[in-house]
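For what it's worth, my numbering labels the leading residue of the sequence shown as 323, then goes sequentially.
All residues carry an ideal CB built from backbone N, CA and C; glycine is no exception.
From a predicted model like this one, the values you see are computed outputs, not experimental measurements.
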Amino acid sequence: MELRLGLVIDQERCIGCEACTVACKNENQGSVGFIRVRTQGARCKDVPSGTFPDLRMTFMPLVCNHCDKPPCIAACPAGAIEKRAEGVVVLDWGTCEGCRACVDECPYAAITFDEDKEIAEKCNLCAHRVDKGLEPFCVVCCEGQAIHFGNLNDPEEAAGRLAHRQGSFQRLVEQGTGPSVYYCPQMEPRGV
Ligand code: SF4
Numbered sequence: 323m324e325l326r327l328g329l330v331i332d333q334e335r336c337i338g339c340e341a342c343t344v345a346c347k348n349e350n351q352g353s354v355g356f357i358r359v360r361t362q363g364a365r366c367k368d369v370p371s372g373t374f375p376d377l378r379m380t381f382m383p384l385v386c387n388h389c390d391k392p393p394c395i396a397a398c399p400a401g402a403i404e405k406r407a408e409g410v411v412v413l414d415w416g417t418c419e420g421c422r423a424c425v426d427e428c429p430y431a432a433i434t435f436d437e438d439k440e441i442a443e444k445c446n447l448c449a450h451r452v453d454k455g456l457e458p459f460c461v462v463c464c465e466g467q468a469i470h471f472g473n474l475n476d477p478e479e480a481a482g483r484l485a486h487r488q489g490s491f492q493r494l495v496e497q498g499t500g501p502s503v504y505y506c507p508q509m510e511p512r513g514v
C-alpha cells in the first residue's frame with residue numbers, strides 16, 4: 323500500500339478554538355505577529371450557515387494541502403520546495419531566497435511571506451516530528467481531537483477511514499492539485 327500522509331479534519335468535532343494555530347506558531351517559532359492574518363501553518367476560518375434562528379457555525383482549519391501535484395514546487399527557482407516520498411510537501415526555510423514566486427502560485431494561499439525573516443513559510447506537516455515517529459503538533463494540541471493524521475490510503479487508520487467517509491471533501495479539487503487534506507463536514511445539527 324502506497325504511503326500518502328495527510329490530515330483529515332473532523333468538522334463535527336472542531337470548536338474553532340485555534341489551539342492548532344497556537345501550536346503551529348509555538349512549534350515552528352513563528353515571528354512575533356506572524357499568526358492568524360499571515361499564518362505560518364494552521365489558521366481557522368469561520369463558516370456561518372443557515373437563517374435566523376437556525377444558525378450554525380462550522381470551522382475550517384486551513385493548512386498546506388500537501389498536494390499530489392503541487393504547483394508551488396515548479397514556481398520556486400531555488401529548489402526550496404520538495405514533495406517527499408511519503409507525501410509531505412516541505413519548504414526548506416534555509417534554502418528559500420525570499421523571491422515570493424511560490425506565494426502567488428499556491429491556489430490555497432497556503433504560503434505566506436514572513437517579512438521579519440524575509441522568507442516564505444508554510445505548513446511542513448511538522449516533518450521534523452514525523453521523522454521521529456511523532457504526530458504534527460497541531461494534531462497533538464487539538465482540544466476537540468478533530469485533526470487526524472496518518473496514511474490516507476490505509477482504511478485501518480482513522481485518517482484513511484474518515485477521508486473516504488461519505489461527504490468528506492477536499493478544497494478546490496477542480497484545480498487538479500490532489501489535496502492531501504480532507505474535511506469531514508458536520509452531518510447533523512448538534513443537540514439531542
Ligand atoms: Fe504547495 Fe499550496 Fe499545494 Fe501546499 S497547498 S503543496 S503550498 S500548492
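What first and last residue would you give for the alpha helix (DSSP H) that runs through residue i?
i: F374; result: Neither: F374 is in no alpha helix (DSSP H) and is coded neither H nor E.
i: D426; result: A423 to E427
i: C342; result: A341 to E349
i: P393; result: P393 to A397
i: F459; result: F459 to C463
i: G482; result: A480 to A485
i: V452; result: A449 to V452
When you measure from the CB of residue i to every non-hydrogen atom of the ligand SF4, does any distance come out below 6 Å?
i: N387; result: yes
i: V411; result: yes
i: K347; result: no
i: Y430; result: yes
i: K444; result: yes
i: I571; result: There is no way to answer for residue 571, as the model of the chain reaches only from 323 to 514.
i: C394; result: yes
Give me the DSSP bridge partner(s) of residue i.
i: A442; result: F435
i: D368; result: F381
i: I403; result: L413
i: Y504; result: V330
Hey, quick one: how far does the beta strand (DSSP E) through residue i stretch, first residue to last?
i: L329; result: L327 to D332
i: I469; result: I469 to N473
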